[in-house]
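J.: Protein chains in written order, with our numbering: chain X, 563 to 703; chain A, 563 to 703.
Even glycine gets a Cβ: it sits at the ideal position worked out from N, Cα and C.
There are 2 protein chains.
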Amino acid sequence: MKITSRLTVAVHTLLLVSAFEDRYKLTSDFIASSVNVNPVVIRRTLQKLKAAGFVNIRPGSGGAVMAKDADEITLYDIYTAVDCVEGSLFNFHENPNPDCPVGRNIHSVLDGHLHTAQTAMENELKSVTLGDLARQLNEKI
Amino acid sequence: MKITSRLTVAVHTLLLVSAFEDRYKLTSDFIASSVNVNPVVIRRTLQKLKAAGFVNIRPGSGGAVMAKDADEITLYDIYTAVDCVEGSLFNFHENPNPDCPVGRNIHSVLDGHLHTAQTAMENELKSVTLGDLARQLNEKI
DNA sequence: TTTATTGTAATCGTTCCGGTTACAATGTCA
DNA sequence: TGACATTGTAACCGGAACGATTACAATAAA
Numbered sequence: 563m564k565i566t567s568r569l570t571v572a573v574h575t576l577l578l579v580s581a582f583e584d585r586y587k588l589t590s591d592f593i594a595s596s597v598n599v600n601p602v603v604i605r606r607t608l609q610k611l612k613a614a615g616f617v618n619i620r621p622g623s624g625g626a627v628m629a630k631d632a633d634e635i636t637l638y639d640i641y642t643a644v645d646c647v648e649g650s651l652f653n654f655h656e657n658p659n660p661d662c663p664v665g666r667n668i669h670s671v672l673d674g675h676l677h678t679a680q681t682a683m684e685n686e687l688k689s690v691t692l693g694d695l696a697r698q699l700n701e702k703i
Numbered sequence: 563m564k565i566t567s568r569l570t571v572a573v574h575t576l577l578l579v580s581a582f583e584d585r586y587k588l589t590s591d592f593i594a595s596s597v598n599v600n601p602v603v604i605r606r607t608l609q610k611l612k613a614a615g616f617v618n619i620r621p622g623s624g625g626a627v628m629a630k631d632a633d634e635i636t637l638y639d640i641y642t643a644v645d646c647v648e649g650s651l652f653n654f655h656e657n658p659n660p661d662c663p664v665g666r667n668i669h670s671v672l673d674g675h676l677h678t679a680q681t682a683m684e685n686e687l688k689s690v691t692l693g694d695l696a697r698q699l700n701e702k703i
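Here's what the structure looks like:
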């Protein structure tokens, strides 16, 4: 069970836009050929990134441009923007038996720990910005 | 996209066994009625817990008993035993375009951060034992 | 031998993905 | 204005992962 690749697709997309917006017209076809997915997938991703205020898109003429500073967009912001996880990361079996002492209390015993674990993961995502990634990328290029 | 409820089912199962193994015969039907899932789901879960060395199961006569001290089983151990996540928690779009500077380097830029985030979550799971949960449960009862 | 239970295969319906087709709407440019 | 490239979006597909469920042979105890 894995978290959807929408996150890595979105990061890839944003890195392309922030790196090349002044040199190329970043159409969904262009981005799709770098990410290697269907252009419609990129358009869907861009819609989410636009809704989050990270990019602007030009209908008709084509092309995406940044709408927010890369240093002010964290991995967590992107993860949230593309709906990687809705609410809890962990599924819980529904309706444990309230007539059993364990069934009646399993939620109150477990929920906190699972939430803490999820938060630890999300906090790590908050500690990295798109700007950080762009700089790491530039060192490689 | 969520992590399978096998984790919470397994924890619930182990809490039942550790709490009641000296008072009741913990058959898959008994456990299933507390967890409120199909008994076959419990049998499958117990098989994984047995393979991990956490319980012993009596075929024929019926019933599960603990095979390892609850203080020596962490949530992470259970999470691993029931195969909640295979390898990376995050899916990655496969085959980014190697002819693009971003596509060529996206993995080396992102992988480390995603791995760090996953590890932070798993470390939290390592910090909680079944014994901790059992004690919290006893306070509630 | 009867009975309860485990172990396990097989099948089903659901949900979520990403892939893909299709096409109206939009904006640019000749 | 008309041709063209592109976006926005709906629709549908196939595959994968789950948990539910049925079925039944194997096992062990009474």
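What residues are listed by DSSP as bridge partners for A:T636?
T.: Position 74 of the second sequence, counted from the first residue, corresponds to residue 636 of chain A. According to DSSP, A:T636 bridges with A:T691.
J.: Measure the alpha-carbon distance for X:E686 versus A:G615 and round it to whole angstroms.
T.: For this step, residue 686 of chain X is matched to residue 124 along the first sequence. For this step, residue 615 of chain A is matched to residue 53 along the second sequence. C-alpha separation (whole angstroms): 33 Å.
J.: Excluding sequence positions up to five away, which residues of its chain have a Cβ less than 8 Å from the Cβ of A:K564?
T.: One-based indexing of the second sequence puts residue 564 of chain A at position 2. Excluding residues within five positions, none has a Cβ falling inside 8 Å.
J.: In chain order, what residues of the segment 567-601 of chain X put their CB closer than 7 Å to some CB of chain A?
T.: From the segment 567-601 of chain X, only S567, L569, T570, V571, V573, H574, L577, L578, A581, S595, S596, V597, N598 and V599 have a Cβ closer than 7 Å to chain A.
J.: Compare the C-beta of X:V644 with all C-beta atoms of chain A and state if any pair is closer than 8 Å.
T.: For the purposes of this step, residue 644 of chain X is identified with residue 82 of the first sequence, where counting begins at 1. So, not an interface residue.
J.: Please list, in chain order, all residues of the same chain as X:Y737 whose beta carbon is under 6 Å from its beta carbon, the five residues on each side excluded.
T.: Since the first residue of chain X shown is 563 and the last is 703, residue 737 of chain X is not available in this structure.
J.: Count the other C-beta atoms from every protein chain shown that fall within 10 angstroms of the C-beta of A:H675, then say buried if there are 16 or more, exposed otherwise.
T.: Against the second sequence, residue 675 of chain A aligns to sequence position 113. Label assigned to A:H675: buried.
J.: Here's a check: name, in chain order, each residue in its chain whose Cβ is nearer than 6 Å to the Cβ of A:P660, leaving out the five neighbours to either side.
T.: Stepping through the second sequence from its first residue, residue 660 of chain A is reached at position 98. Cβ neighbours of A:P660 beyond the five flanking positions: R666.
J.: If you follow the beta strand (DSSP E) that A:I619 is in, where does it begin and where does it stop?
T.: As a working note, residue 619 of chain A is residue 57 in the second sequence. It spans V617 to I619 - the beta strand (DSSP E) in which A:I619 sits, taken as one unbroken run.
J.: Give a yes or no on whether the C-beta atoms belonging to A:L588 and A:G625 are separated by under 8 Å.
T.: Sequence index remark: in the second sequence, residue 588 of chain A carries index 26 (1-based). Sequence index remark: in the second sequence, residue 625 of chain A carries index 63 (1-based). Against a cut-off of 8 Å, the Cβ pair of A:G625 and A:L588 comes out as a contact.
J.: Spell out whether any CB of chain A is found under 8 Å from the CB atom of X:Q698.
T.: Translated into the one-based positions of the first sequence, residue 698 of chain X becomes position 136. Chain A contact via Cβ: present.
J.: Tell me, please, which residues DSSP counts as bridged to A:V597.
T.: Within the second sequence, numbered from 1, the residue matching residue 597 of chain A stands at position 35. Bridge partners of A:V597: none, in fact.
J.: Taking DSSP as the reference, what is the three-state secondary structure of X:M628?
T.: As a working note, residue 628 of chain X is residue 66 in the first sequence. DSSP places X:M628 in strand when its eight states are reduced to three.
J.: Distance cutoff 8 Å, beta carbons only. Does A:G665 sit that close to anything in chain X?
T.: Against the second sequence, residue 665 of chain A aligns to sequence position 103. Closer than 8 Å: yes.
J.: Return the chain-ordered list of same chain residues with a C-beta closer than 6 Å to the C-beta of A:T566, the five sequence neighbours on each side being excluded.
T.: The count along the second sequence starts at 1 and reaches residue 566 of chain A at position 4. Closer than 6 Å at Cβ, skipping near neighbours: C646.
J.: Counting pairs of beta carbons, one from the segment 578-592 of chain X and one from the segment 621-639 of chain X, are three or more of them closer than 8 Å?
T.: They touch, by the three-pair rule.
J.: Rounded C-beta distance between A:C709 and X:S590? I'm assuming under 8 Å.
T.: Any answer about residue 709 of chain A is impossible in this case: the structure gives chain A only from 563 up to 703.
J.: Are the CB atoms of A:V617 and A:A572 within a distance shorter than 8 Å?
T.: For the purposes of this step, residue 572 of chain A is taken as the residue at position 10 of the second sequence. For the purposes of this step, residue 617 of chain A is taken as the residue at position 55 of the second sequence. Their beta carbons are not under 8 Å apart, which means A:A572 does not touch A:V617 by this criterion.
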